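Student: Got a structure here, written out as structure tokens. Questions coming.
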Amino acid sequence: MTTISASAPGKFVILGEHAVVYGKPALALAIDMRFSIRVSRSNSYKVNGQAATPYNMSPHMRYISDKIGTSPVSIYVDGRVPSGSGLGSSAALSNAYAAAISALEGLPTDKETIARLAYEAEYASQGRGSPMDTSASANGYGIALNVPYKEEDFLWHIEKEDNAWDISKIDVPKMTFVIGNTGIKAATGPLVEKVRKYRESNTFAAGIVDEIGDVTLDGLEAMKNNDLEELGALMTYDHKLLSILGVSCNELNHMVEAAIPYSYGAKLTGSGGGGCMVALTDRPEKVAKAIRAHGGTPYVIHTGVKGVTVKTKEHSDHRRGGRKRSKSNPSEDEED
Ligand code: MEV
1 MTTISASAPG KFVILGEHAV VYGKPALALA IDMRFSIRVS RSNSYKVNGQ AATPYNMSPH
61 MRYISDKIGT SPVSIYVDGR VPSGSGLGSS AALSNAYAAA ISALEGLPTD KETIARLAYE
121 AEYASQGRGS PMDTSASANG YGIALNVPYK EEDFLWHIEK EDNAWDISKI DVPKMTFVIG
181 NTGIKAATGP LVEKVRKYRE SNTFAAGIVD EIGDVTLDGL EAMKNNDLEE LGALMTYDHK
241 LLSILGVSCN ELNHMVEAAI PYSYGAKLTG SGGGGCMVAL TDRPEKVAKA IRAHGGTPYV
301 IHTGVKGVTV KTKEHSDHRR GGRKRSKSNP SEDEED
């Protein structure tokens with residue numbers, strides 16, 4: 001019997017969320033919280049030992065199963081990316097599941113193929129959105145969208161309707177971030193829709209979206225120069241722009257304000273409406289304490305996190321003295 005194990009990380013956005021949906025620049029980093037998935041062939045669909053129903057199988061997983069046309073599988077999911085919190089949990093789940101099912105069906109599992117399939121699953125499930133979360137999770141480390149890049153840093157190009165994204169890798173200097181989770185779950189789709197309506201009906205809002213794109217380019221420059229003061233100031237400014245677009249909330253604003261005295265800067269991260277904020281700091285304990293004091297859950301973030309990984313295990317029949325074999329090919333089980 002063949003068992004495939006795959007895993008993929010969540011992400012957070014340093015700068016550029018919402019504006020990236022319209023093809024503007026954005027910067028995102030993979031985080032050391034992952035979804036791990038194990039799949040093997042079965043007579044019927046099962047998730048963590050239970051018969052699969054619309055409640056325990058996400059629309060992303062259903063989309064990927066239909067798209068690949070796989071036969072029923074038994075799926076074990078071990079999740080460590082909080083859902084509805086702006087940390088890319090559905091992108092991580094989609095990448096891990098896409099990689100696992102592709103490997104089971106003998107299809108390619110390179111990062112670009114998985115990033116594209118996971119983006120299609122996200123797009124089909126959540127409506128509008130950019131390929132930022134799925135690409136950050138598939139590639140790992142740090143990515144930029146729609147910024148000037150060196151040829152060797154180019155990863156892939158994705159188009160959807162009127163928008164296009166050039167996705168490249170970025171060098172990420174050593175930085176410490178603290179993420180603060182409000183614990184308020186907010187789905188991405190309705191927040192993206194809210195910004196879309198505002199931007200389409202109001203030239204002032206369209207200007208704010210453009211300004212977020214400009215701030216992101218400045219932030220990339222600051223990151224290249226290792227200028228954390230400047231990068232932090234741009235993050236705080238970006239939070240104000242996102243608040244004007246209507247995607248912040250009181251809890252996020254309070255946690256951002258509480259983190260700022262101990263940080264280079266802080267902002268909401270992801271789609272907003274609840275979910276998480278992030279602070280760039282060299283005093284993570286102080287920031288974590290401030291976040292806790294405002295009812296949030298802090299996570300100190302380590303960068304340099306690898307993207308999607310896949311491992312295939314062949315089990316022969318143990319009762320007949322068979323042996324277990326583990327296969328790792330270069331596109332699978334990438335331990336870079
Ligand atoms: C969600 O992490 C980021 C948004 O920009 C939506 C997207 O890019 O798909 C709000």
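For the sequence shown, the UniProt record's numbering begins at 1 and goes up steadily by one. Virtual Cβ for every residue (Gly too), placed ideally from N, Cα, C. The structure displayed is predicted, hence computed values, not measured ones.
Looking at the unbroken beta strand (DSSP E) that takes in R38, where does it start and where does it end?
Tutor: To locate residue 38, count along the sequence shown from 1; it is residue 38. First-last of the beta strand (DSSP E) with R38: 26–41.
Student: Skipping 5 residues on each side, what residues in its chain have a beta carbon closer than 8 angstroms to that of E251?
Tutor: The residue labelled residue 251 in the question sits at position 251 within the sequence shown. Result list for E251: T182, I184, G274, H294, G295, G296, in chain order.
Student: Assign H157 to one of two classes, buried (16 or more other C-beta atoms within 10 Å of its C-beta) or exposed (fewer than that).
Tutor: Walking along the sequence shown from the start, residue 157 turns up at place 157. By the neighbour-count rule (16 or more Cβ atoms within 10 Å), H157 is not buried but exposed.
Student: Alpha carbons only, please: which of G23, R41, I212 is nearest the one belonging to G129?
Tutor: Along the sequence shown, one-based indexing puts residue 129 at 129. The option with the nearest alpha carbon to G129 is G23.
Student: Can you tell me where the beta strand (DSSP E) with T113 in it begins and where it stops?
Tutor: The count along the sequence shown starts at 1 and reaches residue 113 at position 113. Premise fails: T113 lies in the alpha helix (DSSP H), 111–126, not in any beta strand (DSSP E).
Student: Alpha helix (DSSP H) containing V195: first to last residue?
Tutor: Looking up residue 195 in the sequence shown gives position 195. Element bounds for V195: 188–201.
Student: If we cut at 7 angstroms on Cβ distances, does D282 have a partner in chain E?
Tutor: No chain E is part of this structure, which consists of one protein chain only.
Student: Work out the CA separation of F154 and D166 for me, nearest whole Å.
Tutor: Translated into the one-based positions of the sequence shown, residue 166 becomes position 166. Translated into the one-based positions of the sequence shown, residue 154 becomes position 154. Each residue's alpha carbon lies about 8 angstroms from the other.
Student: Would you mind reading off the limits of the alpha helix (DSSP H) that contains M287?
Tutor: Here the question's residue 287 lines up with position 287 in the sequence shown. Just to set this straight, residue 287 is Val in the shown sequence, not Met. Run containing V287: 284–293, per the alpha helix (DSSP H) assignment.
Student: Could you check if G270 belongs to the surroundings of the ligand MEV, using beta carbon to heavy atom distance under 6 angstroms?
Tutor: Position 270 of the sequence shown holds residue 270. Yes, the Cβ of G270 comes within 6 angstroms of a heavy atom of the ligand MEV.
Student: By Cβ distance, which residues of its chain are closer than 7 angstroms to K327, with the 5 residues on each side in sequence left out?
Tutor: The residue you call residue 327 lines up with position 327 of the sequence shown. Interpretation of K327 is limited by its pLDDT of 48, a score under 50 that renders its predicted location unreliable; the figure taken from the coordinates is listed afterwards. Hits under 7 angstroms: T312, E314.
Student: Give the C-beta separation of T236 and L15 to the nearest angstrom, bearing in mind that I take them to be a contact with Cβ-Cβ under 8 angstroms.
Tutor: By 1-based counting over the sequence shown, the position of residue 236 is 236. By 1-based counting over the sequence shown, the position of residue 15 is 15. That pair is no contact at about 11 angstroms.
Student: Taking only heavy atoms of the ligand MEV into account, decide whether any of them is closer than 6 angstroms to the Cβ of M132.
Tutor: The residue you call residue 132 lines up with position 132 of the sequence shown. Indeed, a heavy atom of the ligand MEV lies less than 6 angstroms from the Cβ.
Student: Answer yes or no: the CB of G129 versus the heavy atoms of the ligand ZN, is any distance below 6 angstroms?
Tutor: Absent from the structure shown: the ligand ZN. Ligands present: the ligand MEV.
Student: Helix, strand or coil, according to DSSP, for M277 in the structure here?
Tutor: Within the sequence shown, residue 277 is the residue found at index 277, counting from 1. If DSSP states are grouped into helix, strand and coil, M277 belongs with the strands.
Student: So, helix, strand or coil for N226, using DSSP?
Tutor: As a position in the sequence shown, residue 226 is number 226, starting the count at 1. If DSSP states are grouped into helix, strand and coil, N226 belongs with coil.
Student: State the CB to CB distance for the pair L104 and I4, rounded to an integer number of angstroms; the pair is presumed to be in contact (CB under 8 angstroms).
Tutor: Position 104 of the sequence shown, counted from the start, is the residue given in the question as residue 104. Position 4 of the sequence shown, counted from the start, is the residue given in the question as residue 4. About 5 angstroms separates the two Cβ atoms, so the contact holds.
Student: Helix, strand or coil for M1, going by three-state DSSP, please let me know.
Tutor: One-based indexing of the sequence shown puts residue 1 at position 1. Of the three classes helix, strand and coil, the one that applies to M1 here is coil, per DSSP.
Student: What number of angstroms, rounded off, separates the C-alpha of N329 from the C-alpha of S7?
Tutor: Residue numbering aside, residue 329 sits at position 329 when the sequence shown is read from its first letter. Residue numbering aside, residue 7 sits at position 7 when the sequence shown is read from its first letter. Bear in mind that the predicted position of N329 carries a pLDDT of just 36, short of 50, making it unreliable; the figure below should be weighed with that in mind. C-alpha separation (whole angstroms): 16 angstroms.
Student: What is the DSSP secondary structure of A91, counted as helix, strand or coil?
Tutor: Taking the sequence shown and counting its residues from 1, one reaches residue 91 at position 91. DSSP places A91 in helix when its eight states are reduced to three.
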